[in-house]
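Trainee: My questions all concern the structure below.
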Amino acid sequence: MKIRVAVVGGTGYTGFELVTLLLHHPKVELTEITSQSYAGQPISMVFPALQETCSLVCAQMDLTRLVDRADCLFVALPHKTAMEVVAPLVRAGKRVVDLSADFRFRSPEIYEKWYQEHTAKDFLAEAVYGLPELHGDKIRTANLVGNPGCYPTGVILAAAPLLAGGVVDPDSLIADCKSGVSGAGRAPTLTTHFCEANEGFTAYKVGEHRHTPEIEQELSTIAKRQIKVVFTPHLVPMSRGILTTLYANLSRTVSEDEVRGLYQEAYERAVFVRVLQQGHLPSTLYVRGTNFCDIGWRIERRTGRIIVISAIDNLTRGAAGQAICNMNLMFGFDEAEGLRLRAWQP
Ligand SMILES: NC(=O)c1ccc[n+]([C@@H]2O[C@H](COP(=O)([O-])OP(=O)(O)OC[C@H]3O[C@@H](n4cnc5c(N)ncnc54)[C@H](OP(=O)(O)O)[C@@H]3O)[C@@H](O)[C@H]2O)c1
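In this text, residue positions in the sequence shown follow this note's numbering: the first is 957, and each later residue adds one.
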């Protein structure tokens, strides 16, 4: 039997990725796609890539209609707008995966410090942070999943085994991340304009990016104390992908085998984390269009540091693919259902 699924905000980049993946999911019937700007237009007009693949027409968002037409809803709206939609859907007994930041935080104070007033605070306690490798058991029974941010996904998966294994100084983490331009969404802005983004490479929001508290929330839980992370995002002239370079001071001498053991143990049952063989390092190319997070590292004895590299596709593992993985867990499907994707490497 199939479940009925709706994508709220289906005309953005994550919306398109959701629609494309859900159309090929054997346990899903895609029943509704909403849009404000394109209501009444076939989704295949918005995204010509969907011609002869999807006949749905974008609908104006109507909560009563959504409740009526779907068992599970993906909300792919900007933060703030998302919380206004998610709360009534959960209240109506629906299962929701929200791709915005609105339900990722356990502390309303932290959310309000970095974002704005939260008008659905009551739901934060029941929302589960949707990183399957860390919270798989809770996700299975959740009605509301706050799907992780793209940068946090790559950083947390790279750092978690080292913190859990106690081999690095938790106060020494520096995450240097580079993202493709689709991370900023589909609406054009000056910084995402072709001439501004192409053939350039720039850091942005240094010391103030909103993904910082999200990374710190999850890594502090693993470290069992409050930690702070230096996180510097960069925009690189490619469409999709995030490469994270994580630096940490080793707290003691570790062998290559010990580090490998930590990663292998942490991700032994993780379908979508690939711990690379010694000598190999991740590339955004190897994960493009897939739900994989590839992880590799080098121990730098000269400086007493470990340098961990992770690669994800921001729209798949960093958004839609992870969201579908969460839906799979919530509905008792195989975690990889609809997500057995191959990288787009030529
Ligand atoms: N891009 C990424 O790599 C990425 C990764 C992880 C998480 N996210 C998060 O996922 C969410 C969607 O991101 P995106 O990149 O897909 O953004 P996007 O390309 O800008 O799309 C946003 C969607 O929301 C709709 N929308 C915008 N303002 C609205 C409003 N006031 N009321 C109702 N609908 C509105 C837009 O469509 P209409 O104009 O047609 O209504 C569109 O469907 C965001 O919260 C983002 O932070 C994005």
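A virtual CB, placed ideally from N, CA and C, is assigned to each residue, including glycine. Computed from a predicted model, the values in this text were never measured in an experiment.
Count the other C-beta atoms from every protein chain shown that fall within 10 angstroms of the C-beta of Met1283, then say buried if there are 16 or more, exposed otherwise.
Mentor: So Met1283 ends up on the buried side.
Trainee: Looking at ligand 1, does it come within less than 8 Å of Leu1033, judged from the CB to the closest heavy atom?
Mentor: Yes, the Cβ of Leu1033 comes within 8 Å of a heavy atom of ligand 1.
Trainee: Using CA coordinates, which residue listed in Glu1068, Gly1277, Arg1230 and Leu986 is at the minimum distance from Glu1170?
Mentor: Here the closest residue by C-alpha is Glu1068.
Trainee: Do Ala1005 and Glu988 come within 9 Å of each other at the CB atom, strictly closer than that value?
Mentor: Going by C-beta atoms, Glu988 is not nearer than 9 Å to Ala1005.
Trainee: Any heavy atom of ligand 1 closer than 8 Å to the Cβ of Asn1282?
Mentor: Not under cutoff, so the answer is no.
Trainee: Around the Cβ of Glu973, are there at least 16 other Cβ atoms within 10 angstroms (buried) or fewer (exposed)?
Mentor: Buried.
Trainee: I believe Gly965 touches Ala1032 by the beta-carbon criterion, under 8 Å. Please report the beta-carbon distance rounded to the nearest angstrom.
Mentor: 4 Å between Cβ atoms; contact.
Trainee: Which value, in whole angstroms, describes the spacing of the CA atoms of Asp1027 and Glu1152?
Mentor: One C-alpha to the other measures close to 42 Å.
Trainee: Can you check which of these residues, Thr1188, Val1227, Leu1241 and Ala1179, is closest to Ser1195 by C-alpha distance?
Mentor: Measuring from the Cα of Ser1195, the nearest candidate turns out to be Leu1241.
Trainee: For a quick check, are the C-beta atoms of Ile1280 and Leu977 less than 9 Å apart?
Mentor: The answer is yes: Cβ separation under 9 Å.
Trainee: What three-state label does DSSP hand Tyr1071 in the structure shown?
Mentor: In this structure, Tyr1071 counts as coil in the three-state DSSP scheme.
Trainee: Using a Cβ distance threshold of 8 Å, determine whether the segment 1055-1066 contacts the segment 1100-1110, with at least three qualifying pairs required.
Mentor: Contact between the segment 1055-1066 and the segment 1100-1110 is present, because at least three Cβ pairs lie under 8 Å.
Trainee: Runs of 3 residues minimum, wholly inside the segment 1178-1208: which ones carry the beta strand (DSSP E) assignment?
Mentor: You should have 1186-1191 and 1198-1205.
Trainee: Starting from the Cα of Arg1257, find the closest Cα among Leu1019, Ser1135, His1236 and Ser1211 and give me that residue.
Mentor: When each option's Cα is compared against that of Arg1257, the closest is Ser1211.
Trainee: Can you check which of these residues, Leu986, Phe1061 and Arg1062, is closest to Arg1025 by C-alpha distance?
Mentor: Nearest of Leu986, Phe1061 and Arg1062 to Arg1025, Cα basis: Leu986.
Trainee: Could you tell me the distance, in whole angstroms, from the CA atom of Val1185 to the CA atom of Thr1168?
Mentor: Distance between the alpha carbons of Val1185 and Thr1168: 7 Å.
Trainee: Looking at Ala1204 and Leu1118, is the spacing between their C-beta atoms short of 9 Å?
Mentor: Going by C-beta atoms, Leu1118 is nearer than 9 Å to Ala1204.
Trainee: Taking the alpha-carbon positions, what's the Gly1110 to Gly1086 distance?
Mentor: C-alpha separation (whole angstroms): 13 Å.
Trainee: Would you report the Cα separation of Ala1299 and Ile1268, rounded to the nearest angstrom?
Mentor: One C-alpha to the other measures close to 11 Å.
Trainee: Report the three-state DSSP secondary structure of Cys1028 (helix, strand or coil).
Mentor: Here Cys1028 sits in strand by DSSP.
Trainee: Would you mind giving the Cβ-Cβ distance between Phe1187 and Cys1106, rounded to the nearest angstrom? I have them listed as a contact below 8 Å.
Mentor: So it is not a contact: roughly 12 Å between Cβ atoms.
Trainee: Taking DSSP as the reference, what is the three-state secondary structure of Ser1266?
Mentor: Strand, per DSSP.
Trainee: So, Val1264 versus Phe1248, is the Cβ gap smaller than 9 Å?
Mentor: No, these two residues do not count as a Cβ contact at 9 Å.
Trainee: Can you list, in chain order, the stretches of the alpha helix (DSSP H) that have 4 or more residues and sit fully within the segment 1000-1067?
Mentor: Listed in chain order, they are 1019-1025 and 1037-1047.
Trainee: Just checking Ala1038 against ligand 3 - is the residue's beta carbon closer than 8 Å to any of the ligand's heavy atoms?
Mentor: Ligand 3 is not part of this structure, which contains only ligand 1.
Trainee: In angstroms with no decimal places, state the Cα-to-Cα distance between Leu1080 and Met1286.
Mentor: If I take the Cα positions, the gap works out to 18 Å.
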